[in-house]
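Enquirer: Have a look at this one.
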Amino acid sequence: MSAVLRMTSFPVPLSGKIRDRKPTTLDQLKQNILVKSMPRRLQAVIQAKGAATKY
Numbered sequence: 103m104s105a106v107l108r109m110t111s112f113p114v115p116l117s118g119k120i121r122d123r124k125p126t127t128l129d130q131l132k133q134n135i136l137v138k139s140m141p142r143r144l145q146a147v148i149q150a151k152g153a154a155t156k157y
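The working numbering numbers the first residue of the sequence shown as 103 and each following residue consecutively.
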């Protein structure tokens with residue numbers, strides 16, 4: 103049995119409220135960096151077919 107995953111586009115658009123909000127604390131800054139990097143991270147996992155990635 104094999105499964106095929108197809109992704110139509112990256113990055114997934116985030117709502118303007120989340121994407122454009124300026125961080126006021128260090129924790130918010132870290133969270134914003136993580137949210138913005140998720141499409142790149144997910145693409146790396148897909149290309150590695152679930153194997154280890156640098157993330």
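Glycine is no exception: its CB is placed at the ideal position from the N, C-alpha and C atoms.
1. Under 8 angstroms Cβ to Cβ from Ala154, same chain only, skipping five residues before and after it: list those, please.
2. Which of the three DSSP states is assigned to Pro141 in this structure?
3. Beta-carbon within less than 8 angstroms of Lys124's beta-carbon, same chain only, minus the 5 sequence neighbours each way: which residues are those?
4. DSSP three-state call for Ile146: helix, strand or coil?
5. Kindly list the residues whose CB is nearer than 8 angstroms to the CB of Asp129, restricted to its own chain and excluding five residues on each side of it in sequence; keep chain order.
Expert: According to the structure data:
1. none
2. helix
3. none
4. The identity of residue 146 in the sequence shown is Ala, whereas the question assumes Ile. In the structure shown, Ala146 sits in a helix (DSSP, three-state: H, G or I).
5. none
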